[in-house]
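J.:
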Amino acid sequence: MSKVNLPMKSCGLKAIFCIHLKVHPLLDKEDAVQLISDWIPRMHSFVIGPGLGRNPMIFKTVVEIIKKLREQDKPVVLDADALFLINSNLELIRNYPKVILTPNSVEFSRLYTAVFGSEVKPAPSGSTEKVRELAAALGHVTILQKGATDVASNGRLTVCCAGGGSNRRCGGQGDLLAGSLAVLFSWADNFGDRGDAPAPPELLAAYAACRLTRECARLAYSQNGRSTTTLDLVRLIHQSFTFLFGP
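The end of the sequence shown is residue 246 by numbering that gives the first Met the number 0, with every number in the run present.
1. May I have the straight-line CA-CA distance separating Tyr-220 from Leu-183, to the nearest angstrom?
2. I'd like to know whether the C-beta atoms of Lys-73 and Ser-117 end up nearer to each other than 8 angstroms.
3. Which residues share a DSSP beta bridge with Gln-144?
4. Buried or exposed for Trp-38, going by 16 or more other Cβ atoms inside 10 Å?
5. Taking all protein chains shown into account, do 16 or more other C-beta atoms lie within 10 angstroms of the C-beta of Pro-102, making it buried, or fewer, making it exposed?
6. Looking at the strands, I want to know which residues DSSP matches up with Ile-99.
7. Ends of the alpha helix (DSSP H) at Ser-119?
8. Measure the CB-CB distance between Gly-154 and Ala-134 and report whether it falls below 8 angstroms.
9. With a 10 Å radius around its C-beta and 16 neighbouring C-beta atoms as the bar for buried, classify Pro-246 as buried or exposed.
10. Quick one: what does DSSP say Ile-92 is sitting in, helix, strand or coil?
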């Protein structure tokens with residue numbers, strides 16, 4: 000197993016977060032796959048899972064969408080209920096290098112059991128060997144296990160992030176991580192797997208997203224204490240990003 004520490008300014012990620020939200024309630028439509036497929040070529044990366052739910056018909060649609068994302072070589076982040084879907088559809092993501100799974104300890108345990116067929120207790124935070132083992136078994140996809148120490152591995156290289164953070168982990172913080180990860184994954188993928196980079200794009204993105212989310216949490220808690228919400232973290236994205244990666 001290899002483990003590296005990435006300096007903050009080594010990622011080659013210089014840009015500004017710009018968030019515009021448009022809601023298209025399509026997943027429950029009969030032609031949802033076709034409607035969404037028309038947009039895929041124009042999108043840089045995708046997050047699937049937060050707020051998804053577990054409706055079997057929705058899952059059926061999402062399975063077809065993930066297949067199309069693979070066909071078009073799009074970066075994909077799978078979180079929350081999408082991880083539940085993957086437990087019974089492992090071939091959807093096996094051997095796909097542009098997918099990042101973001102389980103917490105309980106979700107990681109379920110995924111590990113689905114892959115290896117043996118029940119395991121929720122992996123302790125910072126348990127690098129189990130993360131590496133699972134990533135390798137899935138064909139070197141990237142797994143980012145969230146916890147007191149975030150651990151990301153593609154089965155070949157492992158990175159850990161423990162800096163920053165706060166004494167309160169508020170609901171929605173994982174969504175901020177997933178969203179920022181998708182943006183950073185797109186940037187890192189465009190930057191490329193260059194010989195002078197300290198890690199491949201997927202691990203650069205995973206480390207940077209963890210560090211960014213933790214810095215937002217640290218600043219928000221210093222200002223709001225126990226009343227901190229995820230919206231407080233969102234407001235601090237620009238300040239945190241500039242501090243970590245430069246203007």
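Beta carbons are placed, not taken as given, at the ideal position from N, Cα and C, and that holds for glycine.
T.: According to the structure data:
1. As a working note, residue 220 is residue 221 in the sequence shown. As a working note, residue 183 is residue 184 in the sequence shown. Spanning the two alpha carbons is a distance of roughly 24 angstroms.
2. By 1-based counting over the sequence shown, the position of residue 73 is 74. By 1-based counting over the sequence shown, the position of residue 117 is 118. Cβ distance not < 8 angstroms, so Lys-73 and Ser-117 don't count as in contact.
3. In the sequence shown, residue 144 corresponds to position 145, counting from 1. DSSP lists Val-150 as partners of Gln-144.
4. Translated into the one-based positions of the sequence shown, residue 38 becomes position 39. Burial call: exposed.
5. The sequence position of residue 102 within the sequence shown is 103, counting from 1. Pro-102 comes out buried.
6. Along the sequence shown, one-based indexing puts residue 99 at 100. For Ile-99, which the question treats as bridged, DSSP gives the partners Val-76, Thr-141.
7. Residue 119 sits at position 120 when you count from the first residue of the sequence shown. Sequence inspection shows Val at residue 119; the Ser mentioned does not correspond to that position. Unbroken run through Val-119: none, as it is neither H nor E.
8. Indexing the sequence shown from 1 puts residue 154 at position 155. Indexing the sequence shown from 1 puts residue 134 at position 135. It is a contact, given that the beta carbons lie within the stated cut-off.
9. Residue mapping note: residue 246 aligns to position 247 of the sequence shown, counting from 1. Classification for Pro-246: exposed.
10. On the sequence shown, position 93 is the one that residue 92 refers to. Ile-92 falls in the coil class under three-state DSSP.
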